[in-house]
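K.L.:
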Amino acid sequence: MAADISFTPVTTADLPLLAAWLAQPHWRDWWRDDAETELGSLRDMIEGRDSTRPFLFRLDGQPVGYVQVWRIADARVDPWITDAPWVMDLPDDAVGVDLSIGPADLLSRGIGSGALAAFVALLRSQGHRTILIDPDAANLRAVRAYEKAGFRPIPEFLGRTGGCLLMRHEADPAS
Numbered sequence: 214m215a216a217d218i219s220f221t222p223v224t225t226a227d228l229p230l231l232a233a234w235l236a237q238p239h240w241r242d243w244w245r246d247d248a249e250t251e252l253g254s255l256r257d258m259i260e261g262r263d264s265t266r267p268f269l270f271r272l273d274g275q276p277v278g279y280v281q282v283w284r285i286a287d288a289r290v291d292p293w294i295t296d297a298p299w300v301m302d303l304p305d306d307a308v309g310v311d312l313s314i315g316p317a318d319l320l321s322r323g324i325g326s327g328a329l330a331a332f333v334a335l336l337r338s339q340g341h342r343t344i345l346i347d348p349d350a351a352n353l354r355a356v357r358a359y360e361k362a363g364f365r366p367i368p369e370f371l372g373r374t375g376g377c378l379l380m381r382h383e384a385d386p387a388s
């Protein structure tokens with residue numbers, strides 16, 4: 214992708230844009246909670262009550278999606294342990310990422326996989342070695358995009374993660 218991809222931390226000024234994106238069907242299909250609950254979670258992140266770091270990703274300066282990074286070690290509390298007990302079997306220093314394209318007309322254009330590859334490169338430059346993503350296994354569009362960005366299903370977790378497909382970024386996707 215020849216376009217310039219950049220990342221900016223989410224601020225309270227971004228919440229109306231994120232609320233509009235959260236209301237769209239392609240977000241509602243895969244985001245668990247209602248929009249107000251999700252916005253409350255974002256406020257917690259922005260204000261430091263949640264260690265997850267939220268970002269807008271931009272294409273040529275324009276916001277086109279959302280990406281976040283969270284520490285696996287911080288997910289070892291309820292309700293995570295109850296809902297996703299597999300987090301206990303992951304390395305302490307692992308991080309998870311989540312990504313969504315904002316406007317529906319930008320889906321299936323390679324933007325998500327390009328942004329995810331750039332975000333992973335940023336995380337690797339910060340020293341992160343184990344980078345995971347856990348899409349809903351039924352979200353085939355997301356799974357394909359994540360595979361294009363170098364993520365692969367983790368064989369030892371297949372069948373153990375409920376409805377999600379736990380994937381790990383492979384440092385060299387060609388191998």
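Just add 213 to wherever you are in the sequence shown, counting from 1, and you've got the working numbering. Built from N, CA and C at the ideal position, the CB exists for glycine as well.
Could you tell me if A387 is buried or exposed, where buried requires 16 or more neighbouring beta carbons within 10 angstroms of its beta carbon?
P.N.:
For the purposes of this step, residue 387 is taken as the residue at position 174 of the sequence shown. Confidence at A387 is low in this model, with a pLDDT of 44, below 50, so the placement of that residue should be treated as unreliable; the coordinate-derived value is given next. Label assigned to A387: exposed.
K.L.:
With burial defined as no fewer than 16 other Cβ atoms inside 10 Å of the residue's Cβ, what is the status of G323: buried or exposed?
P.N.:
Working through the sequence shown from its first residue, we reach residue 323 at position 110. Classification for G323: exposed.
K.L.:
Could you have a look at G327 and say whether DSSP puts it in helix, strand or coil?
P.N.:
Here residue 327 corresponds to residue number 114 of the sequence shown, with the count starting at 1. G327: helix per DSSP, three-state reduction.
K.L.:
At what residue ranges does the stretch 246-320 contain a whole run of the beta strand (DSSP E), taking only runs of 3 or more?
P.N.:
266-272, 275-284, 308-314, all fully within the stretch 246-320.
K.L.:
Under 8 Å Cβ to Cβ from S321, same chain only, skipping five residues before and after it: list those, please.
P.N.:
One-based indexing of the sequence shown puts residue 321 at position 108. Result list for S321: R354, in chain order.
K.L.:
I think L379 touches L345, with their Cβ atoms under 8 Å apart; what is that distance to the nearest whole Å?
P.N.:
As a working note, residue 379 is residue 166 in the sequence shown. As a working note, residue 345 is residue 132 in the sequence shown. Yes, L379 and L345 are in contact; Cβ-Cβ is about 6 Å, under 8 Å.
K.L.:
Excluding five sequence neighbours on each side, which residues of the same chain lie with their C-beta closer than 6 Å to the C-beta of F220?
P.N.:
By 1-based counting over the sequence shown, the position of residue 220 is 7. Closer than 6 Å at the Cβ level, and outside the excluded window around F220, lie F268, F270.
K.L.:
Per DSSP, which one or two residues make a beta bridge with F439?
P.N.:
With the chain covering 214 to 388 only, the question about residue 439 has no answer from this structure.
K.L.:
Tell me which same chain residues have a C-beta within less than 7 Å of the C-beta of Q237, skipping the five on either side of it?
P.N.:
Here residue 237 refers to the residue found at position 24 of the sequence shown. Excluding residues within five positions, the ones whose Cβ falls inside 7 Å are A317.
K.L.:
For L345, report the span of its beta strand (DSSP E) as first-last.
P.N.:
Along the sequence shown, one-based indexing puts residue 345 at 132. Counting along the chain, the beta strand (DSSP E) containing L345 begins and ends at 344-346.
K.L.:
Provide the residue(s) that pair with T221 in DSSP beta bridges, ordered along the chain.
P.N.:
The count along the sequence shown starts at 1 and reaches residue 221 at position 8. T221 is bridged to L269.
K.L.:
Within the chosen definition, does the stretch 223-231 reach the stretch 286-305 through at least 3 CB pairs nearer than 8 Å?
P.N.:
As far as the Cβ criterion goes, the stretch 223-231 does not touch the stretch 286-305, which means the pair count is below three.
K.L.:
Nearest to A358 by CA position, among G325, H239, H341, M258, is which residue?
P.N.:
Reading the sequence shown from its first residue, position 145 is the one you call residue 358. The shortest C-alpha separation from A358 is found at G325.
K.L.:
Taking the C-alpha atoms as reference points, what is the distance between W234 and P304?
P.N.:
Along the sequence shown, one-based indexing puts residue 234 at 21. Along the sequence shown, one-based indexing puts residue 304 at 91. So the alpha carbons of these two residues sit roughly 33 Å apart.
K.L.:
Looking at the structure shown, is M214 part of a helix, part of a strand, or coil, going by DSSP?
P.N.:
Residue numbering aside, residue 214 sits at position 1 when the sequence shown is read from its first letter. In this prediction, M214 scores a pLDDT of 46, lower than 50, which makes its location untrustworthy; no coordinate-derived value is stated.
K.L.:
Helix, strand or coil for D242? Go by DSSP, reduced to three states.
P.N.:
Counting from 1 along the sequence shown, the entry for residue 242 is found at position 29. Correct three-state label for D242: coil.
K.L.:
To the nearest angstrom, how far is it from the Cα of C377 to the Cα of P348?
P.N.:
Here residue 377 is taken as the residue at index 164 of the sequence shown, counted from 1. Here residue 348 is taken as the residue at index 135 of the sequence shown, counted from 1. Rounded to whole angstroms, C377 to P348 spans 5 Å at the Cα level.
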